[in-house]
Each structure stands twice: as C-alpha cells, then as structure tokens.
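**Student:** For reference, the structure I am asking about is given below.
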Amino acid sequence: MPKRVLQGTCVSDKGDKTVVVLVERKVAHPVYGKIIRRSKKYHAHDEGNVIKAGDTVRIEECAPMSKLKTWKVLEKVG
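To convert, note that position 20 of the sequence shown is 98 in my numbering; the numbers rise steadily by one, no gaps.
Next up, the structure:
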C-alpha cells in the first residue's frame with residue numbers, strides 16, 4: 079500500500095525537529111451540497127529544522143516517531 083502524501087501550510091515550527099502542518103480539503107455538505115472547507119493539523123518530522131511558519135510543504139505518512147508524530151516532511155513547495 080502506498081504512503082499517503084498531503085500538501086499544506088506550516089503553522090508552527092516551535093518544536094525541535096517538529097512542525098505543525100495545516101491541511102485543508104474541500105468537501106460537499108452532505109445535505110445542502112455547498113462546497114465547504116475542512117482542515118486538520120498534522121505534526122510532522124523536520125530533521126534539519128529548515129521549515130518555517132508560512133511555508134507550503136508536502137508531508138508523507140511514516141511509522142510513528144512519537145505520540146503525535148506519524149508524518150515526515152518530504153519537501154518545501156514553491
């Protein structure tokens with residue numbers, strides 16, 4: 079099974095080797111059909127501490143590294 083890859087915006091880089099990435103997706107409302115935004119935050123591993131808040135990054139699923147971290151940063155986009 080391939081690993082999931084998501085793209086989002088880094089909202090926090092305060093942790094050591096950890097960034098918090100906000101991933102937004104658009105879904106249709108189940109009753110009304112209007113397109114609405116849903117977001118979720120993921121803790122991701124950033125080995126070199128190179129990602130800063132506001133950067134757009136791609137993250138990939140990985141084996142658990144801690145209680146919250148099960149994603150790692152693949153690359154900085156743009």
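Idealized CB from N, CA, C, for every residue including glycine.
It should be emphasised that the depicted structure is a prediction, and the values quoted were computed from it without experimental measurement.
Can you name the residues that DSSP bridges to residue 151?
**Tutor:** 137
**Student:** I believe residue 151 touches residue 129 by the beta-carbon criterion, under 8 Å. Please report the beta-carbon distance rounded to the nearest angstrom.
**Tutor:** 6 Å
**Student:** Should residue 137 be labelled buried (16 or more other beta-carbon atoms within 10 Å of its own) or exposed?
**Tutor:** buried
**Student:** Check whether the region 97 to 107 touches the region 116 to 126, taking contact to mean three or more Cβ pairs, one atom from each stretch, closer than 8 Å.
**Tutor:** yes
**Student:** Go through its chain and collect everything with a Cβ distance to residue 140's Cβ below 6 Å, but skip five positions before and after it.
**Tutor:** 150
**Student:** Leaving out five residues before and five after residue 81 in sequence, what residues of the same chain have Cβ atoms less than 8 Å from its Cβ?
**Tutor:** 138, 139 and 140
**Student:** Span of the beta strand (DSSP E) holding residue 86?
**Tutor:** 83 to 90
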